[in-house]
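Step one of this worksheet: look at the structure below.
Number of protein chains: 4
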Amino acid sequence: MDKPEKILVTALKLFVTYGFHGTPTSKIASEAGVSNGTLFHYFKTKDELVVALYTSIKEELNQFLVTQINTASTIKEKFSRLFVGSVEWALSNGDAFYFIQQFRFSPHLNLISEEESRRQSEIHTQLLLEAWTANLLKPLPVNLIATLIASQISGIHQYLVDKTVSPDEQRKLIDDVFELTWATVANPETR
Amino acid sequence: MDKPEKILVTALKLFVTYGFHGTPTSKIASEAGVSNGTLFHYFKTKDELVVALYTSIKEELNQFLVTQINTASTIKEKFSRLFVGSVEWALSNGDAFYFIQQFRFSPHLNLISEEESRRQSEIHTQLLLEAWTANLLKPLPVNLIATLIASQISGIHQYLVDKTVSPDEQRKLIDDVFELTWATVANPETR
Amino acid sequence: MDKPEKILVTALKLFVTYGFHGTPTSKIASEAGVSNGTLFHYFKTKDELVVALYTSIKEELNQFLVTQINTASTIKEKFSRLFVGSVEWALSNGDAFYFIQQFRFSPHLNLISEEESRRQSEIHTQLLLEAWTANLLKPLPVNLIATLIASQISGIHQYLVDKTVSPDEQRKLIDDVFELTWATVANPETR
Amino acid sequence: MDKPEKILVTALKLFVTYGFHGTPTSKIASEAGVSNGTLFHYFKTKDELVVALYTSIKEELNQFLVTQINTASTIKEKFSRLFVGSVEWALSNGDAFYFIQQFRFSPHLNLISEEESRRQSEIHTQLLLEAWTANLLKPLPVNLIATLIASQISGIHQYLVDKTVSPDEQRKLIDDVFELTWATVANPETR
DNA sequence: GATGAATGAGCATTCATTCAT
DNA sequence: GATGAATGAATGCTCATTCAT
Numbered sequence: 050m051d052k053p054e055k056i057l058v059t060a061l062k063l064f065v066t067y068g069f070h071g072t073p074t075s076k077i078a079s080e081a082g083v084s085n086g087t088l089f090h091y092f093k094t095k096d097e098l099v100v101a102l103y104t105s106i107k108e109e110l111n112q113f114l115v116t117q118i119n120t121a122s123t124i125k126e127k128f129s130r131l132f133v134g135s136v137e138w139a140l141s142n143g144d145a146f147y148f149i150q151q152f153r154f155s156p157h158l159n160l161i162s163e164e165e166s167r168r169q170s171e172i173h174t175q176l177l178l179e180a181w182t183a184n185l186l187k188p189l190p191v192n193l194i195a196t197l198i199a200s201q202i203s204g205i206h207q208y209l210v211d212k213t214v215s216p217d218e219q220r221k222l223i224d225d226v227f228e229l230t231w232a233t234v235a236n237p238e239t240r
Numbered sequence: 050m051d052k053p054e055k056i057l058v059t060a061l062k063l064f065v066t067y068g069f070h071g072t073p074t075s076k077i078a079s080e081a082g083v084s085n086g087t088l089f090h091y092f093k094t095k096d097e098l099v100v101a102l103y104t105s106i107k108e109e110l111n112q113f114l115v116t117q118i119n120t121a122s123t124i125k126e127k128f129s130r131l132f133v134g135s136v137e138w139a140l141s142n143g144d145a146f147y148f149i150q151q152f153r154f155s156p157h158l159n160l161i162s163e164e165e166s167r168r169q170s171e172i173h174t175q176l177l178l179e180a181w182t183a184n185l186l187k188p189l190p191v192n193l194i195a196t197l198i199a200s201q202i203s204g205i206h207q208y209l210v211d212k213t214v215s216p217d218e219q220r221k222l223i224d225d226v227f228e229l230t231w232a233t234v235a236n237p238e239t240r
Numbered sequence: 050m051d052k053p054e055k056i057l058v059t060a061l062k063l064f065v066t067y068g069f070h071g072t073p074t075s076k077i078a079s080e081a082g083v084s085n086g087t088l089f090h091y092f093k094t095k096d097e098l099v100v101a102l103y104t105s106i107k108e109e110l111n112q113f114l115v116t117q118i119n120t121a122s123t124i125k126e127k128f129s130r131l132f133v134g135s136v137e138w139a140l141s142n143g144d145a146f147y148f149i150q151q152f153r154f155s156p157h158l159n160l161i162s163e164e165e166s167r168r169q170s171e172i173h174t175q176l177l178l179e180a181w182t183a184n185l186l187k188p189l190p191v192n193l194i195a196t197l198i199a200s201q202i203s204g205i206h207q208y209l210v211d212k213t214v215s216p217d218e219q220r221k222l223i224d225d226v227f228e229l230t231w232a233t234v235a236n237p238e239t240r
Numbered sequence: 050m051d052k053p054e055k056i057l058v059t060a061l062k063l064f065v066t067y068g069f070h071g072t073p074t075s076k077i078a079s080e081a082g083v084s085n086g087t088l089f090h091y092f093k094t095k096d097e098l099v100v101a102l103y104t105s106i107k108e109e110l111n112q113f114l115v116t117q118i119n120t121a122s123t124i125k126e127k128f129s130r131l132f133v134g135s136v137e138w139a140l141s142n143g144d145a146f147y148f149i150q151q152f153r154f155s156p157h158l159n160l161i162s163e164e165e166s167r168r169q170s171e172i173h174t175q176l177l178l179e180a181w182t183a184n185l186l187k188p189l190p191v192n193l194i195a196t197l198i199a200s201q202i203s204g205i206h207q208y209l210v211d212k213t214v215s216p217d218e219q220r221k222l223i224d225d226v227f228e229l230t231w232a233t234v235a236n237p238e239t240r
């Protein structure tokens, strides 16, 4: 792992525990095993580090989701993969997922450009467009459907984080909730 | 409005715009029209101010929801009132709602005691218990149901914040989503 | 002496010895017997402190020169008082005088507004105008005359700083150089 | 232009604009088109670079003045050439001249050895000695005369920098001021 | 000679908190 | 209760300098 990567990994761990403000750059540097100066060699400011971390996490998540979707044939199956994949990724990358929320409710969000923002949600946009074109969705605003699905993902994730459930049960619950969600948003006629 | 109240109101506005860290107590004080010392007269530390703000907002929200629920007769109607009320309160108290999220994804959350936490969600717990007892819910874990409903509330709110919709349409959308949500979690047999 | 004044006095001493850069604000504060925070309470930035010091020194010098000029009756005598007064002030306020030069050949000079600059040289401007109106000066550009006089002041000062001369001799030398300078710039006809 | 020379040229430009402190070595290096390490290959420390720049400028100035003086036959003419040459060099090497002042009022001055200092003013010392021996000067301390001449040089330069004057007028003004200065310091009997 | 990544000491500045009035 | 001057610990960031390649 090269130095900037090591810095990002360490920053994630510390930000999640102590918050942005509660984490001095000096602590990030020393725990990452580099000097303070090196941190600023790679990230011009602390804010830039925070943003870079967010971007890299989103990137990683997206790449994971793409591999998930690619294993599916039907559109519904793609949704399922996206849904299940998101929840499972969130469960096994607790820190990263928590950080995303943290970031979203902070002034740092404004530092993300429109374009970067669009790029990050491209997969979801594409898939929804596909479903919409195939007339698979209820006659509701597409954005509303997107938001409702996203909410259910974060809902079931939230539930599973608090409980301790066996992997099998967990998988079943996620599938069940996906089916419920799909029933909520899918067009009953073409379903 | 007395001084501590003025301080809380000002703090909310600033926290939402600049974040906790980005808002010095001195700025809160000056914008609230009180002296630096006065702020610390009412709130021993900045953290205490943050927590007090959170608690007071939750308190206000809960009181509002209680009045909403009280106008309902059936259990489903209570759920509806809770659902719609939550979304509408969130829409007309954007700052407060945003602050709640901000707070939840920050280390400050640890400063809320278990008991306080329980008290804040009492209404929801009560209502779910009622529904459960009346056998109105699907055979899913009650907590999962609670989380799913909460997610949908925040989902529809999220959607409405971004769009600009007429009040009538807005109301209709919220009702629609509630019906979808209710269909998702309610026991079809006793519904 | 109040705190901001004490800070200025200490800063002068240190700047002259170690330069602006070579003098940390922390050293100024501690030698002035105040806390680091107090320094920044009175001067928002280090640059502001530097500028404030410059302005206060120029102010003091000007007030001194005004009292000198006021004891003179003829215009030539006023020039003499200004000349002699400037040299003597420079000799007994070595640090302050050195600081002025230091400041003038630094980027800080740009932080002085046009207006402030004009105000600082008002005495000289006035006196030259008076002499010009009375036709006492050679037909040379007034600004050139001003600059030449100023140069001679700094010349004789420079000389006296390096040598050690008895007060009497010193006074005589300054007078001599003034007469030479006056002969250089004064109109021989009306002299 | 070889690398160390390029570094010196760039450093001059930047020092004059931003001051010593305001100019990082990294900026000098990058603007000079060399790497950070190369700068330190040629100049062990930043201070050494500053001193080297000063020395090289003084050297250049002196060489120029020597060629000027060599075209003169009488002593007064030599003084004239020195005077005029100095002003003209200062005018066409504004940055270099400004840097000299900057350097003189900075702690770096202490890094110049006595001997180096003497060498730099040798021309002036020699010429004054010649004039003194020939009994051409007023019965004033030689050092005072030296200082007064130097002051007038910097005075007329100062004036010409601020104004915009045609080359012819400029040359005439410089000559005039030289004559005035010469009249001030030269022995009227042997003149 | 040339490079530029890495270092870490050093500094300006901020800000929560105190306390005398 | 109210004030705001004073504090000083804490921190982001800079930059001269080193050194392995």
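Protein chains in written order, with the numbering used here: chain Y, 50 to 240; chain W, 50 to 240; chain G, 50 to 240; chain C, 50 to 240. Glycine included, C-beta positions come from ideal geometry on N, C-alpha and C.
Select from the options the residue whose C-alpha is nearest the C-alpha of residue i.
i	options	result
Gly-134/G	Asp-224/G, Ala-235/G, Glu-218/G	Asp-224/G
Ala-139/W	Phe-128/W, Ile-205/W, Ser-84/W, Ile-194/W	Ile-205/W
Gln-169/W	Ser-155/W, Val-58/W, Ile-106/W, Asp-217/W	Ile-106/W
Asn-192/C	Leu-185/C, Thr-174/C, Gln-201/C	Thr-174/C
Leu-114/C	Phe-148/C, Tyr-208/C, Arg-130/C, Ile-202/C	Arg-130/C
Glu-238/W	Ser-215/W, Leu-186/W, Ile-202/W	Leu-186/W
Thr-230/C	Phe-154/C, Asp-211/C, Gln-201/C, Leu-222/C	Gln-201/C
Asn-85/G	Glu-108/G, Ile-56/G, Val-100/G	Ile-56/G
Gln-150/G	Asn-184/G, Leu-98/G, Ser-203/G	Ser-203/G
Leu-158/G	Ser-75/C, Lys-62/C, Gly-68/C, Gly-82/C	Gly-68/C
Pro-156/W	Phe-227/Y, Thr-233/Y, Tyr-147/Y, Ile-161/Y	Tyr-147/Y
Glu-97/Y	Thr-74/Y, Thr-213/Y, Ala-81/Y	Thr-74/Y
Glu-137/W	Glu-228/W, Asn-236/W, Leu-222/W, Ala-235/W	Leu-222/W
Glu-101/W	Leu-177/W, Leu-160/W, Arg-220/W	In the sequence on display, residue 101/W carries Ala and not Glu. Among Leu-177/W, Leu-160/W, Arg-220/W, the Cα nearest to that of Ala-101/W is on Leu-160/W.
Val-234/W	Val-214/Y, Leu-177/Y, Asn-236/Y, Val-226/Y	Val-226/Y
Leu-178/W	Glu-108/W, Ile-124/W, Lys-62/W	Ile-124/W
Phe-92/Y	Asn-184/Y, Ala-180/Y, Glu-54/Y, Asn-119/Y	Glu-54/Y
Taking the DSSP output, what are the residues bridged to residue i?
i	result
Ala-232/C	DSSP lists no partner for Ala-232/C.
Could you tell me the boundaries of the alpha helix (DSSP H) in which residue i lies?
i	result
Gly-86/G	85-91
Pro-237/G	Neither: Pro-237/G is in no alpha helix (DSSP H) and is coded neither H nor E.
Thr-325/G	Chain G is shown from 50 up to 240; residue 325/G falls before or after that span and cannot be answered.
Thr-104/W	95-119
Phe-64/G	52-67
Could you give the distance in angstroms between the alpha-carbon of residue i and the alpha-carbon of residue j?
i	j	result
Lys-52/C	Thr-116/C	27 Å
Leu-197/G	Phe-132/C	14 Å
Phe-89/Y	Ala-78/Y	9 Å
Phe-152/G	Tyr-103/G	7 Å
Gly-143/C	Val-65/C	10 Å
Leu-189/G	Tyr-208/C	12 Å
Val-58/Y	Leu-110/G	60 Å
Pro-216/C	Ala-199/C	22 Å
Thr-182/W	Ala-121/W	18 Å
Ala-60/C	Lys-127/G	45 Å
Val-210/C	Glu-164/G	21 Å
Lys-95/G	Ile-172/C	42 Å
Ile-194/Y	Gly-82/W	45 Å
Gln-219/C	Glu-228/C	14 Å
Ser-141/C	Val-214/C	14 Å
His-70/G	Ser-162/Y	38 Å
Verify the contact flag: residue i, CB atom, against every heavy atom of the ligand NAP, threshold strictly below 7 Å.
i	result
Ser-200/C	Summarising the ligand content, the structure contains no ligands, and the ligand NAP is consequently not present.
Just list the alpha helix (DSSP H) runs in the segment 130-217 of chain Y, keeping only unbroken ones of 4 residues or longer that don't cross its boundaries, in chain order.
-> 143-153, 163-169, 171-182, 191-211
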